[in-house]
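Data block below; observations after.
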Amino acid sequence: MMTDGRPGMGIVALRWSFAVMAGWLMAVCPAPGPAIADETCMSPYMAKITWQEDYVYVWTLGAKGVGDESDKLVTIDARPRSKTYGKVIHTLSVGGRNEAHHAGFTDDRRSLWASGLDTSKIFIFDVATDPAKPRLSRTIGDFVARSGGVVGPHTLYALPGRMMLTGLSNDKDHGGATALVEYSNKGDYITTHWMPTQSSPRGAAIEKTADGYGYDVRVLPRRNVMLTSSFTGWSNYMMDFGRMLADPEAMKHFGQTVVVWDLHARKPRSVLSVPGAPLEIRFAWGPRHDYAFTSSALTSKLWLIYEDGPDVWKAEAVADIGDPAKVPLPVDISLSADDQYLWIDSFMDGTTRLFDVSDPHHPKQVLEKKIGSQLNMVSQSWDGKRVYFSSSLLANWDKKGQDDEQFVKGFTWDGKELTQAFAVDFYAEKLGRPHIMRFGAASLYGKRSAPGAAK
Amino acid sequence: MSPATRRSGSRTVAGAALIVAAACAAALMLPGCPGAPPPPSVPPAPPDGLEYQPPAPGTYALPPIAPAADGAVVDDQGVSRRLFDYLDHRYVLLSFIYTHCTDSQGCPLATGVLTMVKEALTSEPELATRVRLISLSFDPDRDTPAVMRRYALHGRLDDPDSRWQARTWSFLTTRSREDLEPILEGYGQSIVREIDAQGRPTGDFSHVLKVFLIDRRRRVRNIYSTAFLHPAIAINDLKTLWLEDGRP
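Going down the list, the sequences are from chains Y and A.
Counting from 1 along the first sequence, just add 315 to a position and that's the residue number in the working numbering.
Counting from 1 along the second sequence, just add 1253 to a position and that's the residue number in the working numbering.
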């Protein structure tokens, strides 16, 4: 029977000992090796590549006058010894433009989910059957209706057996108020969790304001914590960038919060004040590193979200990114697997910066390098030796004319020099605007790389 | 406090308890001492092995994730049945394992946690009669009923009797890979038969550890992985389902 409702009653006396398990071990076989490659900053629940990545999947926006003008999943060969290293080896058009943006694997990594911010469609690609040639296995076209009015699925984040999707907007006013939405790995809707607002805080303590906006999501299961950040709604992210900047009313509608959630209960605990549109969230990996980083796009600041005593989370601006007065617009960050270094890409100046974040409260910039005329996403391998960059932010926010370079570039990083290994011109290849990059590998599925691929 | 130097909540609470005990022993009338005013609310220490206090049963929802899947299985006595026979309108924790697994964060962890869940249920007799634990092998080539019978030895020690209907913990396998595949597919439990450098099977499996919580209406209500597979969480979730059903 129930005791007094206190959690865990009846078992608190149990000792967490694995001695009992010894009796279960009936034979000896090699345990899976540790992950020594793979992209950092991914869901901790996800299967990891235990050797170097074979492929980089690039979710690419279709562009008018470029190829078939449709969004597509582009596969780049990332095997350095392959004859086709650094080249596009497969493309899969989904037909039509959806404002392709982010993508994420399921926990078993058999599927890659990719979303469109405009149409709110979700494309589920099978990357397991042939990792070199993903195929479209399902399209979810009723996300808005099923979720109860959420628009603009952004982050697609693996939880055990399901996906957590962040929204950016809603179908009532196309503003920034939105929700988290859960789907099963098979693509079936589970539930919606609306973000806390001033009028409906859902039990959360509000530091300054609760805008109800969304953008990224990351979890720290060890502390039962989930964080969400906040961007802007459909009416802004689909607007021409220059027009939006000149519209004072539009500029009022950007996120200024990070929400701390009870991961297990999916309930918001507190709403932290992080002005300036905090975007990507990256939790540290260390076993006692109870903190995450995010960057605010409009104010060009690096923020530390950290636990200051049990269950007390705070947000602190810990560094400027470039010259905030010049609005470099930091857009993506990537934390090294040892929590020592953080890559930060800024869009307007096309520059990546590397910060030493070994003291998370006092980051120090140690490198600055211009990658192109515009720059967006950054993905690094688990060993930190390979860093990949892409160029596109949003269809209506990308630069115009000569500055509208569209590329994916692969670099090697030896701790001192960032050296370009390959570049793919996505306009010359008639592909479009490359956004997020995700790593694939044949070894994940008990396969070997295609024979004959090596030089 | 620097995040790099933060100490766990359990250590903090344990340390506070030690200080109060020492003060009481010194006859100081501090909160918590006999005869002293009621102490301020102190959160209970997290369960061993967890760094946080999981949410209390019934304070959160576990929305249905997917229908449970059925399939042909065979028990450790070699008797063929359907997997649904074992769900039997109980709350079920279903764990996919293979007995040769030695990854400490894999099958041994799952089986160890089920062991502790079973121990915990001894103090929850009403709930215990409504719960079944199932360990189902995804290695039918090697995990025969006889192998599963040996594997089950520890888990069976204090079962109420030998009848399968009364058992708290069932150890199942399948007759063939063909019988296994639809079950794995139904639950979304992917496994990969590992190969060596020559492309030959090693006999090992790569798999993402998953344990499935199934309600009495045969719906998956939670899926645990290594990161939060803990008996306190599983027990609270079982109680949450029981409360949802209007526990008697």
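All C-beta atoms in this analysis are idealised placements derived from N, C-alpha and C, irrespective of residue type, glycine included.
Considering only their Cβ atoms, is the gap separating T493 of chain Y from D529 of chain Y smaller than 7 Å? Residue numbering aside, residue 529 of chain Y sits at position 214 when the first sequence is read from its first letter. Residue numbering aside, residue 493 of chain Y sits at position 178 when the first sequence is read from its first letter. Note on identity: in this sequence residue 529 of chain Y is Gly, with Asp being the wrong assignment. Yes, the pair counts as a contact, with Cβ atoms nearer than the cut-off.
So K1371 of chain A contacts chain Y; which residues on that side make the cut at Cβ distance below 8 Å? Your numbering for residue 1371 of chain A matches position 118 in the second sequence. Residues of chain Y passing the Cβ test: none, with the nearest at roughly 11 Å.
What's the gap between the Cα of V702 of chain Y and the Cα of P516 of chain Y? In the first sequence, the residue the question calls residue 702 of chain Y occupies position 387. In the first sequence, the residue the question calls residue 516 of chain Y occupies position 201. Going by the C-alpha atoms only, they are around 40 Å apart.
Please confirm whether T507 of chain Y has its beta-carbon closer than 7 Å to some beta-carbon of chain A. Sequence index remark: in the first sequence, residue 507 of chain Y carries index 192 (1-based). So no, T507 of chain Y is outside the interface.
L1367 of chain A to L1346 of chain A span [Cα, whole Å]: Sequence index remark: in the second sequence, residue 1367 of chain A carries index 114 (1-based). Sequence index remark: in the second sequence, residue 1346 of chain A carries index 93 (1-based). If you take the alpha carbons of L1367 of chain A and L1346 of chain A, they lie about 8 Å apart.
Local Cβ density within 10 Å of G665 of chain Y, reported as buried at 16 or more and exposed below that: Working through the first sequence from its first residue, we reach residue 665 of chain Y at position 350. Answer is buried; the Cβ neighbour count reaches 16.
Suppose contacts are defined by Cβ-Cβ distances below 7 Å. Is F704 of chain Y in contact with K724 of chain Y by that definition? One-based indexing of the first sequence puts residue 704 of chain Y at position 389. One-based indexing of the first sequence puts residue 724 of chain Y at position 409. Yes, Cβ-Cβ distance for F704 of chain Y and K724 of chain Y is below 7 Å.
With a cut-off of 8 Å on the beta carbons, I'd call R412 of chain Y and G377 of chain Y a contact; round off their distance for me. Here the question's residue 412 of chain Y lines up with position 97 in the first sequence. Here the question's residue 377 of chain Y lines up with position 62 in the first sequence. With 8 Å as the limit, R412 of chain Y and G377 of chain Y qualify as a contact, their Cβ atoms being about 4 Å apart.
Exposure label - P1378 of chain A; buried when at least 16 CB within 10 Å: The residue you call residue 1378 of chain A lines up with position 125 of the second sequence. That one is exposed.
By alpha-carbon positions, which one of A:H1483, A:R1470 and A:A1487 ends up nearest to P1317 of chain A? Counting from 1 along the second sequence, the entry for residue 1317 of chain A is found at position 64. The option with the nearest alpha carbon to P1317 of chain A is A:R1470.
Is there a C-beta anywhere in chain A that falls below 7 Å from the one on S779 of chain Y? This structure cannot settle anything about residue 779 of chain Y, because the visible part of chain Y is limited to 316 through 770.
For a contact defined as C-beta to C-beta under 8 Å, what are the partners of K501 of chain Y on chain A? The count along the first sequence starts at 1 and reaches residue 501 of chain Y at position 186. Listed by position along chain A, the residues whose Cβ is nearer than 8 Å to that of K501 of chain Y are A1319 and G1441.
Between the stretch 576–600 of chain Y and chain A, which residues of the former have a C-beta closer than 9 Å to a C-beta of the latter? Flagged, chain order: D577, L578, H579, A580, R581, K582 and A599.
Can you tell me which of Y:G456, Y:P645, Y:A743 and Y:S435 puts its alpha carbon nearest to the alpha carbon of R668 of chain Y? Taking the first residue of the first sequence as position 1, residue 668 of chain Y is located at position 353. Per the Cα distances, Y:P645.
Whose Cβ in chain A lies nearer than 7 Å to the Cβ of Y760 of chain Y? As a working mapping, residue 760 of chain Y is identified with position 445 in the first sequence. Those within 7 Å of Y760 of chain Y in chain A are V1445.
Can you tell me the Cα-Cα spacing of T1455 of chain A and I1350 of chain A, whole angstroms? By one-based count along the second sequence, residue 1455 of chain A stands at place 202. By one-based count along the second sequence, residue 1350 of chain A stands at place 97. Distance between T1455 of chain A and I1350 of chain A, taken at the CA atoms: about 17 Å.
Would you call V1461 of chain A buried or exposed, if buried means 16 or more other Cβ atoms sit within 10 Å of its Cβ? Locating residue 1461 of chain A in the second sequence gives position 208, counting from the first residue. Counting Cβ neighbours within 10 Å, V1461 of chain A comes out buried, since at least 16 surround it.
Please give the ranges of any beta strand (DSSP E) in the stretch 620–668 of chain Y, keeping only runs that are unbroken, at least 3 residues long and fully inside the region. Counting only runs of 3+ residues, the beta strand (DSSP E) found wholly inside the stretch 620–668 of chain Y occupies 628–635, 645–650 and 656–661, in chain order.
Please confirm if P449 of chain Y has its CB atom under 7 Å from at least one CB of chain A. The residue given as residue 449 of chain Y occupies position 134 in the first sequence. P449 of chain Y has a beta carbon lying at 7 Å or more from every beta carbon in chain A.
Tell me, please, whether the CB atom of A362 of chain Y is closer than 7 Å to any CB atom in chain A? As a first step, residue 362 of chain Y is located in the first sequence; it is residue number 47 there, counting from the start. Yes, because at least one Cβ of chain A sits closer than 7 Å to the Cβ of A362 of chain Y.
Nearest-angstrom Cα separation, counted from S673 of chain Y out to L1502 of chain A: Chain A is shown from 1254 up to 1501; residue 1502 of chain A falls before or after that span and cannot be answered.
Tell me whether the stretch 583–594 of chain Y and the stretch 557–568 of chain Y touch, counting them as touching only if at least three CB pairs, one residue from each stretch, are closer than 8 Å. no
For a contact defined as C-beta to C-beta under 7 Å, what are the partners of P475 of chain Y on chain A? For the purposes of this step, residue 475 of chain Y is identified with residue 160 of the first sequence, where counting begins at 1. By Cβ distance, chain A contributes K1463, I1476, Y1477 and S1478.
Is the number of C-beta pairs between the stretch 1473–1480 of chain A and the stretch 1373–1388 of chain A that are closer than 8 Å three or more? no
Which listed residue (Y:Y656, Y:R477 and Y:Q721) has its alpha carbon closest to that of G601 of chain Y: The residue you call residue 601 of chain Y lines up with position 286 of the first sequence. When only C-alpha atoms are compared, the closest one is Y:Y656.
Cβ-Cβ distance between G419 of chain Y and Y504 of chain Y below 7 Å: The residue given as residue 419 of chain Y occupies position 104 in the first sequence. The residue given as residue 504 of chain Y occupies position 189 in the first sequence. No.
Cutoff 8 Å; reference F1391 of chain A; Cβ partners in own chain excluding five residues on either side: Within the second sequence, numbered from 1, the residue matching residue 1391 of chain A stands at position 138. Excluding positions up to five away in sequence, the list reads F1349, I1350, Y1351, L1433, L1437, Q1442, I1444, F1458 and H1460.
Taking CB distances under 7 Å as the criterion, tell me whether Y1351 of chain A reaches chain Y. Counted from its first residue, the second sequence places residue 1351 of chain A at position 98. Cβ-Cβ to chain Y under 7 Å: no for Y1351 of chain A.
With distance defined between alpha-carbon atoms, name the residue in Y:V633, Y:M510, Y:S694 and Y:D660 nearest to L682 of chain Y. Here residue 682 of chain Y corresponds to residue number 367 of the first sequence, with the count starting at 1. Of the candidates Y:V633, Y:M510, Y:S694 and Y:D660, the one whose C-alpha sits nearest the C-alpha of L682 of chain Y is Y:D660.
I want to verify the contact list: residues of chain A whose CB lies under 8 Å from the CB of R425 of chain Y, in sequence order. The sequence position of residue 425 of chain Y within the first sequence is 110, counting from 1. Within chain A, the residues near R425 of chain Y are S1443.
In three-state DSSP terms, what is E1438 of chain A? Within the second sequence, the letter at position 185 stands for residue 1438 of chain A. In the structure shown, E1438 of chain A sits in a helix (DSSP, three-state: H, G or I).
8 Å CB neighbourhood of N551 of chain Y in its chain, flanking five on each side removed: Along the first sequence, one-based indexing puts residue 551 of chain Y at 236. Excluding sequence neighbours, N551 of chain Y sits near G491, M559, A565, H568 and F569.
Restricting to Cα atoms, I'd like to know which of Y:R533, Y:H417, Y:R597 and Y:T547 is closest to L578 of chain Y. Here the question's residue 578 of chain Y lines up with position 263 in the first sequence. Residue Y:R533 is the option with its Cα nearest to L578 of chain Y.
For T524 of chain Y, count neighbouring Cβ atoms within 10 angstroms of its own Cβ and tell me buried if that reaches 16, exposed if not. Walking along the first sequence from the start, residue 524 of chain Y turns up at place 209. Flag for T524 of chain Y reads exposed.
The stretch 635–665 of chain Y: which residues have C-beta closer than 9 Å to a C-beta of chain A, in chain order? none
Less than 7 Å between CB atoms is the rule here; does P1393 of chain A satisfy it with respect to chain Y? As a working note, residue 1393 of chain A is residue 140 in the second sequence. P1393 of chain A does not count as touching chain Y.
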